[in-house]
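Numbering (this note's numbering), first residue to last: 7 to 275.
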């Protein structure tokens with residue numbers, strides 16, 4: 007395979023990484039559909055390559071966010087306790103799921119994420135009794151860990167979901183500042199994605215041959231793009247309007263999810 011055959015993925019990767027890291031949504035949410043729908047790759051190769059690529063992008067972005075002191079490290083570490091193990095479980099399960107079913111799960115997952123971001127957040131009552139505050143905090147913490155843990159499972163399984171679940175918990179439930187939400191989400195995505203991608207990378211190395219060559223040729227252009235995009239993203243995230251960001255992401259996820267299901271349906275029939 008010609009190493010220059012994927013040259014056009016550099017500008018695409020740059021744009022995806024900038025958008026993904028600026029909004030706190032993992033880049034593989036956008037990379038996987040590009041690899042599956044545009045390049046017609048096997049879903050497992052597409053998801054695995056997207057995960058490997060995004061590790062470099064979010065790693066670059068974490069460094070940039072960290073310099074601005076926007077990352078809530080204690081909260082991120084708390085979430086990683088559940089996201090990392092479940093991401094490894096998801097990566098293991100992905101190898102035993104039929105291709106069409108995996109693509110269908112991916113499409114339905116994106117539709118669900120889009121609906122989540124379209125929902126109007128419920129308003130918390132302002133007169134919460136003081137004796138209920140501690141129990142509410144515990145409930146929110148456990149619920150958040152479960153929600154983000156589910157995102158980790160889907161990240162390993164279909165290459166997306168972690169960023170969206172982080173957004174629902176941090177942006178909607180905890181009502182944190184958008185810069186802190188994005189930075190902390192990117193931190194969790196980076197570590198969880200590293201764990202999930204390691205399983206896929208090992209599979210690609212064992213397969214060798216055309217599979218490994220294809221992955222490396224893609225990474226040759228996507229990795230530099232996401233590294234640069236990861237540095238640009240923090241400057242953009244500081245200027246994003248939270249509500250507009252949520253609606254934009256909802257539209258993107260609904261479109262990609264619907265397109266994925268439509269193409270999968272046509273292939274089956």
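Virtual Cβ for every residue (Gly too), placed ideally from N, Cα, C.
- Collapsing the DSSP output to three states places residue 147 in a helix.
- In the DSSP assignment, residue 111 falls within the unbroken alpha helix (DSSP H) covering 105-124.
- Per DSSP, residue 185 is one residue of the alpha helix (DSSP H) stretching across 184-213.
- Residue 121 counts as exposed, since fewer than 16 other beta carbons sit within 10 angstroms of its beta carbon.
- Per the C-alpha coordinates, the member of 235, 226, 156 positioned closest to residue 87 is 156.
- For residue 50, the enclosing alpha helix (DSSP H) stretches over residues 49-73.
- DSSP places residue 240 in the helix class (H, G or I) of the three-state scheme.
- In the structure shown, residue 43 adopts helical secondary structure according to DSSP, grouped into three states.
- Between residue 267 and residue 110, the C-beta spacing is below 8 Å.
- In this structure, the alpha-carbon of residue 73 lies about 18 Å from that of residue 81.
- Excluding five sequence positions before and after residue 119, the CB atoms of its chain that fall closer than 6 Å to its own CB belong to 170, 259, given in chain order.
- Taking C-alpha positions only, residue 179 is separated from residue 225 by approximately 36 Å.
- Take residue 228, set aside five residues on each side of it, and the residues of its chain with a beta-carbon closer than 7 Å to its own are 15, 19, 59, in chain order.
- Around the beta carbon of residue 166, 16 or more other beta carbons lie within 10 angstroms, which makes this residue buried.
- Residue 162 places its beta carbon less than 8 Å from that of residue 94.
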